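Residue numbers (my numbering), protein chains in the order written: chain A, 9 to 143; chain B, 9 to 143; chain C, 9 to 143; chain D, 9 to 143. Here a beta-carbon is modelled for each residue, glycine too, at the ideal position from N, C-alpha and C. None of the values given here were measured: they were computed from a predicted structure. This report concerns only the one structure given below.
Take a look at the structure:
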């Protein structure tokens, strides 16, 4: 669970569209941590999930201090990591969907590999046919 | 011409991916102004181009203080405004491409119409078959 | 407890100095909520704590994904609300101190009053002579 | 001359207070560049002006797309660089004042020295008794 910060809002009184990518990033980092994968990622390791593509569909405006929850699913195809996101309010209403595509890079911005343990952990990730479930 | 601010960078030493959407927004606002359309837009008028979808392909990293230029093209289909962007460095190398989709909303976040003059001005916008030109 | 987001970092690999004011804001909003005062504040009421002054002393760099805790104290002098902050890491090491000064404004950016209940609640706030305690 | 971006605004319809520090930073970087000092600074050299303290007085709200100008003055005392800022609108009305304090650090976040040329250039900087001039 996260909240819309005041600094996330814009002059229309809603969360600015660029902040959705920030919320997706926080969710991605939380997933890494919860999955025990943050040890393979910067700053603990010399690897980051560089973003090569991002997109977001804004389905309903988000307001200051509103509680939001983000669910995500991860799929790897060789070096490419594809993550999809669904953001909900507390009534389970969909607020936004989106996705980011990543490749592993080292601190010198060169393409690197996923550690074996990172890859084997990814194989256990669920990837459902229907997504998001309640849209 | 714009530059990558220091606050746009992240711990990888490059412009953070969410900042690209901000740069696209600045380019969109500059286009409105240069086209004489800012008079029909908030805060001068009760209309904003609410973002319903956004996406970006990150093709080359952008570094602090680097000069960037953004070109855009606009196409209207009824209420939907589709804008595509291409970001270049000073050597005309492509840095990023992307697009945003918009609908006109008033200050109460209700769907509204484009003013007639806004629409007629949009008809003069170029929309080329090849895009971006030098990719 | 909060964490340094990746988007909070800059090219030096540390939390950007402007993000400290954002973390202070999140702490201020959390305090309003925990104190039962958020009902008197936008968006539930037509009042915001407009910032008239802000300052921050950066004592130690903060890194990506680092856990941080912010303590604050609040003192009212008529319309002026003075809030001081102390940010710590998990070892209780001080990371930053700072303060913000506020006045109550309505949605039209006009000076307004604190509701009586808001004021009486503020009287119960602690204001210690030593601050921050372990500096 | 700069403008308030839409993403700089918040739900009160004005530039968010943390964005003033970002505008100050842009002004500081522009000053480095205009003074021919950017060659001594990251990324061209292994030195940054790490911020040890920042403060801002918000004197008048700034609105979306408003033109702003920032004037600054710089004073060095050994390793400490003190910079003060004054932000104006196009009618020369003061919008904000503030200051930042800096020390030179290298990429490993260790205190370093100013290059001799950097220091000698700083000696030519004006520091007026009255500041800001028209407040």
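Contact with chain D by residue i, beta-carbon distance below 8 Å
i: residue 48 of chain B; result: no
i: residue 70 of chain C; result: no
i: residue 37 of chain B; result: yes
i: residue 126 of chain C; result: no
i: residue 66 of chain C; result: yes
i: residue 45 of chain C; result: no
Per-residue DSSP class, three states only, for residue i
i: residue 124 of chain A; result: helix
i: residue 72 of chain B; result: coil
i: residue 50 of chain D; result: coil
i: residue 29 of chain B; result: helix
i: residue 35 of chain B; result: helix
i: residue 86 of chain C; result: coil
CB contact below 8 Å: residue i versus chain B
i: residue 120 of chain C; result: no
i: residue 22 of chain D; result: no
i: residue 51 of chain D; result: yes
i: residue 10 of chain D; result: no
Any non-hydrogen atom of the ligand FMN closer than 7 Å to residue i Cβ
i: residue 50 of chain D; result: Among the components modelled here there is no ligand, and therefore nothing to report on the ligand FMN.
Alpha-carbon spacing of residue i relative to residue j, whole angstroms
i: residue 26 of chain C; j: residue 128 of chain B; result: 42 Å
i: residue 194 of chain B; j: residue 65 of chain C; result: Nothing can be reported for residue 194 of chain B: it is not among the residues displayed for chain B, which extend from 9 to 143.
i: residue 19 of chain C; j: residue 102 of chain B; result: 22 Å
i: residue 16 of chain B; j: residue 107 of chain C; result: 25 Å
i: residue 47 of chain B; j: residue 14 of chain D; result: 15 Å
i: residue 81 of chain B; j: residue 59 of chain A; result: 24 Å
i: residue 134 of chain A; j: residue 76 of chain A; result: 22 Å
i: residue 132 of chain C; j: residue 70 of chain B; result: 50 Å
i: residue 45 of chain D; j: residue 122 of chain D; result: 11 Å
i: residue 53 of chain D; j: residue 115 of chain D; result: 9 Å
i: residue 83 of chain D; j: residue 141 of chain A; result: 59 Å
i: residue 35 of chain D; j: residue 28 of chain D; result: 10 Å
i: residue 49 of chain D; j: residue 30 of chain D; result: 18 Å
i: residue 89 of chain A; j: residue 139 of chain D; result: 54 Å
i: residue 119 of chain A; j: residue 111 of chain A; result: 7 Å
i: residue 92 of chain D; j: residue 105 of chain D; result: 7 Å
i: residue 95 of chain D; j: residue 109 of chain C; result: 19 Å
i: residue 33 of chain D; j: residue 124 of chain A; result: 42 Å
i: residue 117 of chain D; j: residue 87 of chain D; result: 15 Å
i: residue 38 of chain B; j: residue 23 of chain D; result: 18 Å
i: residue 42 of chain D; j: residue 126 of chain A; result: 47 Å
i: residue 21 of chain D; j: residue 98 of chain D; result: 19 Å
i: residue 51 of chain B; j: residue 113 of chain B; result: 13 Å
i: residue 130 of chain B; j: residue 72 of chain D; result: 23 Å
DSSP bridge partner residues for residue i (one or two, in chain order)
i: residue 58 of chain A; result: A/111
i: residue 22 of chain A; result: A/71
i: residue 105 of chain C; result: C/65 and C/94
i: residue 4 of chain D; result: Because chain D is modelled from 9 through 143, residue 4 of chain D falls outside the range shown and cannot be assessed.
i: residue 119 of chain A; result: A/113
i: residue 17 of chain D; result: D/23
Chain C contact for residue i (CB, 8 Å cutoff)
i: residue 4 of chain B; result: As shown, chain B starts at 9 and ends at 143. That puts residue 4 of chain B outside it, with no answer to give.
i: residue 14 of chain B; result: yes
i: residue 59 of chain D; result: yes
i: residue 42 of chain A; result: no
i: residue 4 of chain D; result: An answer regarding residue 4 of chain D cannot be provided, because it is not within the stretch 9 to 143 covered by chain D.
i: residue 141 of chain D; result: no
Beta carbon proximity, residue i to chain A, threshold 8 Å
i: residue 18 of chain D; result: yes
i: residue 26 of chain B; result: yes
i: residue 62 of chain B; result: yes
i: residue 97 of chain C; result: no
i: residue 54 of chain C; result: no
i: residue 130 of chain B; result: no
i: residue 117 of chain B; result: yes
i: residue 29 of chain B; result: yes
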